[in-house]
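Novice: Quick note, the sequences are listed as chains A and B, same order. Position one of the first sequence corresponds to residue 50 (this note's numbering), numbered consecutively onward. Position one of the second sequence corresponds to residue 441 (this note's numbering), numbered consecutively onward. Structure in structure tokens, see below.
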Amino acid sequence: MMESSQFLLAVAGGLFVIGLLGVVIRRNALVMLMCMELMLNGVNLSLVTFSQQRADAAGAVMVFLTFVVATAEVALAIPIVLLLVKHARSLDIDRFSELKG
Amino acid sequence: MLVLREPMRVALALITSMTSLGAVYGLMGVHFIAAFQVLIYVGAVMVFMVYVLMLLEVKEAPGSRRFSRYVLPGVIGGALLVAALGAGMLRGPASAGLLPGEGDQAFNLVEFSSTFLTQYWFVFELTTVFLVGAIVAALAVVNVSRRRQG
């Protein structure tokens, strides 16, 4: 029988892996953004679990900062995606390959 | 989320998983993080995302592929990562046995707040600098789009 903190850590790892796979294998830019959010959620879960396990507030502080970073990331990424869609008329990430320098 | 074709369904799946994570946080005893999870992620980030999905409504060609050309190496790498994580988890030492949210180890909001504002106030202030940078970057993006239009 698994310990519950261990189970939560396994769930966090699973969320992170699913998010990472989504970023790697999908082609839709918005879906990739959502998978990044899923990765951040997995990291948050592991931070909260460790913070509870050690009875230490540092993990919860870190989760707060992650919230701020995630919100700012979305607020910046969405206008960039909008610009790209206006430019290429598509959400397909391969259409943007002309952007590489 | 990995195989759904419609972005809106992916968004709904993500909202479901975030709400469930909020419930998990609530069961762990960190109620205010649960509240923030629901408020910020579901209430702000995902509403924004769904709004953009409805705004764009870019129709992909019917025969278009769902996956990038990295699907095979990606799946292999993901399997390797899962194997490494699982091996580390099984081999690790039996942990100290503090179950989350148990007894007096449970999360203490007063302690958290005082720690947050005494020990970590500088980090908290740094996030404001970060947010100002984000605002400047967003304005730059808006500027670029204006210039493109004429």
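Glycine residues also receive a C-beta, built at the ideal position from the N, C-alpha and C atoms.
Take leucine 444 of chain B and list the residues in its own chain whose beta-carbon comes closer than 6 Å to its own, dropping the five residues that flank it on each side.
Specialist: Val450
Novice: Return the bridge partner residues of asparagine 93 of chain A from the DSSP annotation.
Specialist: According to DSSP, which records beta bridges pairwise, asparagine 93 of chain A is partnered with nothing at all.
Novice: State yes or no: is the beta carbon of glutamate 147 of chain A nearer than 9 Å to at least one beta carbon in chain B?
Specialist: no
Novice: Can you confirm whether methionine 486 of chain B, when its beta carbon is compared against all beta carbons of chain A, has any partner nearer than 9 Å?
Specialist: yes
Novice: Give a yes or no on whether the minimum CB-CB distance between methionine 88 of chain A and chain B is below 9 Å.
Specialist: Chain B, which has no Cβ nearer than 9 Å to the Cβ of methionine 88 of chain A, makes this no.
Novice: Could you tell me if arginine 138 of chain A is buried or exposed, where buried requires 16 or more neighbouring beta carbons within 10 angstroms of its beta carbon?
Specialist: exposed
Novice: Can you give me the C-alpha to C-alpha distance between histidine 136 of chain A and leucine 495 of chain B, rounded to a whole angstrom?
Specialist: 16 Å
Novice: Give me the DSSP bridge partner(s) of phenylalanine 507 of chain B.
Specialist: A:Arg75.
Novice: Which residue marks the beginning of the alpha helix (DSSP H) containing leucine 140 of chain A, and which one marks its end?
Specialist: DSSP places leucine 140 of chain A in no alpha helix (DSSP H); its state is neither H nor E.
Novice: Under 8 Å between beta-carbons, which chain A residues line up against isoleucine 516 of chain B? List them in chain order, please.
Specialist: Neighbours of isoleucine 516 of chain B on chain A: none; closest Cβ ~11 Å, over 8 Å.
Novice: First and last residue of the alpha helix (DSSP H) that includes phenylalanine 556 of chain B?
Specialist: 549-558
Novice: Given 8 Å as the limit, is there contact between the region 99-106 of chain A and the region 70-77 of chain A, that is, 3 or more CB pairs closer than that?
Specialist: By the criterion of at least three beta-carbon pairs nearer than 8 Å, the region 99-106 of chain A is not in contact with the region 70-77 of chain A.
Novice: Kindly indicate which three-state DSSP category leucine 133 of chain A falls into: helix, strand or coil?
Specialist: In the three-state scheme derived from DSSP, where H, G and I count as helix and E and B as strand, leucine 133 of chain A is classed as helix.
Novice: Give the secondary structure of alanine 155 of chain A by DSSP, where H, G and I count as helix, E and B as strand, and everything else as coil.
Specialist: Chain A is shown from 50 up to 150; residue 155 of chain A falls before or after that span and cannot be answered.
Novice: For valine 443 of chain B, does the three-state DSSP call read helix, strand or coil?
Specialist: Here valine 443 of chain B sits in coil by DSSP.
Novice: For a quick check, are the C-beta atoms of methionine 468 of chain B and alanine 453 of chain B less than 9 Å apart?
Specialist: no
Novice: Count the other C-beta atoms from every protein chain shown that fall within 10 angstroms of the C-beta of glutamine 589 of chain B, then say buried if there are 16 or more, exposed otherwise.
Specialist: Exposed, because fewer than 16 other Cβ atoms sit within 10 Å of the Cβ of glutamine 589 of chain B.
Novice: What does the alpha-carbon distance come out to for the pair arginine 144 of chain A and valine 112 of chain A?
Specialist: Their backbone Cα atoms lie some 35 Å apart in a straight line.
Novice: Give me the subset of the region 114-126 of chain A whose CB atoms are less than 8 Å from a CB atom of chain B, sorted by chain position.
Specialist: Leu114, Phe116, Val117, Val118, Ala119, Thr120, Ala121, Val123, Ala124 and Leu125
Novice: Please decide whether valine 112 of chain A counts as near chain B, where near means a Cβ-Cβ distance under 9 Å.
Specialist: yes
Novice: Round the Cβ separation of isoleucine 418 of chain B and phenylalanine 116 of chain A to the nearest angstrom and send it over; I've been treating them as touching at under 8 Å.
Specialist: Chain B is shown only over 441 to 590; residue 418 of chain B falls outside these bounds and no answer can be derived.
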